[in-house]
Each structure stands twice: as C-alpha cells, then as structure tokens.
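Q: So for the sequence shown, the working numbering puts the first residue at 2; every next one is plus one.
Just so it is clear, CB atoms sit at the ideal spot from N, CA and C, and this is done for glycine as well.
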Amino acid sequence: MLYLSLHKDICRTELFQEAYLENGILELPEYMSYVNYFRKKYLPVIPHFGMAGWMLVLGLNRYFRHERIRLRAAFGVLPRNLWVRISAMLAHDIPVILLVGPNFPFVWGKHRLNMYHRSPEGEYSPSCQIKAHFVTVTGMDDTWMRVSSWGKEYYINRQEYVNYVKKHSSFLISNICYIKSRK
C-alpha cells in the first residue's frame, strides 16, 4: 500500500502523509507503525497460521473501499494466465504479491521451493527454501522471477515454482494477489 501510494496518484491517501514528506524513505519505527496499523485494521495475522490469500484480498479490498481507491484485488488467476498477469501488473507498476503456498493436501509436509541469490557474474545459487510464504515479485524474465522477501532480494525459477505447485501444493493456494482497476 505504501508503494502504491507513493507511485500512483489514484492511491494517495492522508494515511501516508508522513511518507510523502520523507519521499518514501522511512525509518524502521515509522514503517512498523504502518505495518501495525494495517495488521490491526485490515490484515490480521493468525498466530501459527499467518494469513491465507483470501484474507489478504479481503483486507486489501476493504482498504481500497475505505479510502475510495478504484482498485480491486482478487486471489488467484488461472495457471495458464499466471505469467501474463504478473507481466501486466509489473508493466503497470503494481506490486505483485506471490504466495508460495503450503503443501497440499498435507499442509505439514516438508516440501519447499528454492530461492536463489544471483552473483555479480549472473550465476544463481540456492540460498534458502520456503513454503507458506508471501513474497513480492519485482521483476521477471523467461526463466526467473526477482522477488523481495523480508527486504532481501532473491530469485525464484519459474519452472521450479510451477513444479512445486503441481506436485506439492495447488494453484488454489499458491498463486498471486491480482490487483486491477475497478470500473
């Protein structure tokens, strides 16, 4: 919401006035005050479970309605449309929230998806593994998605993501938060 508010005039609200004055550069305490505000009012996190994609969408749509922002969020796109929708959102400078869902139907399963670091020479090496985790897609090519997780840059191999979802999760719970203009 902070990114949209800073980069899209239709998303500017009084809530982020302090961020506008600071050109979007906030110290951790100010940033955390926004995080806590959204957790309390729009995006509750359930202890030991986190947040499901549908809960994220409900909270975002509630915020959009409350602030009269003409956007609409939906969780999930058809698998055949996934890369097209991500590309379109990135082209329109809309952050793409990607959920790497839990194992399904056995949510306590141990299967995970690799995230990679990229060396200055352009080589990718495994860095960590995730499941049941939201990341923000910040770029994409034919093979890789550049993502941000907890403020750090990683890469996810697109084919590995598809394989993880097909074999160990489901596109019903591993998908994107699709944000588009509301008519």
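1) Taking one C-beta from the region 127-147 and one from the region 92-111 each time, how about it: are there three or more such pairs within less than 8 angstroms?
2) Measure from the alpha carbon of S34 to the alpha carbon of each residue in H49, L16, C178, then state which is nearest.
3) DSSP has R73 in a bridge; who is on the other side?
4) Nearest by alpha-carbon distance to G152: which of S6, H8, Y32, D10 is it?
5) Given P103, which residues of its chain have a CB within under 6 angstroms of its CB, disregarding the five upstream and five downstream residues?
6) So the candidates are I26, G60, G54; which of them puts its Cα closest to the Cα of Y38?
7) Quick test of your reading: L114 and E161, contact by CB under 8 angstroms. State the CB separation rounded to the nearest angstrom.
8) I'd like to know if the region 118-130 and the region 70-87 are in contact, where contact means that at least 3 CB-CB pairs between them fall below 8 angstroms.
9) Assuming L72 and K184 make a contact with CB atoms under 8 angstroms, what is their CB distance in whole Å?
A: Per the coordinate set shown:
1) The answer is yes - the region 92-111 touches the region 127-147, with three or more Cβ pairs under 8 angstroms.
2) If we check each option's Cα against that of S34, L16 comes out closest.
3) Per DSSP, the beta-bridge partners of R73 are K181.
4) Here the closest residue by C-alpha is Y32.
5) Non-local C-beta neighbours of P103 in its own chain, meaning closer than 6 angstroms and more than five positions away in sequence, comprise K132, A133, ordered along the chain.
6) Out of I26, G60, G54, G60 has the C-alpha closest to the C-alpha of Y38.
7) About 6 angstroms separates the beta carbon of L114 from that of E161, a gap short enough to meet the 8 angstroms contact definition.
8) Pairwise C-beta distances place the region 118-130 out of contact with the region 70-87, as fewer than three of them are shorter than 8 angstroms.
9) By a beta-carbon distance limit of 8 angstroms, L72 does not contact K184. Their separation comes to about 11 angstroms.
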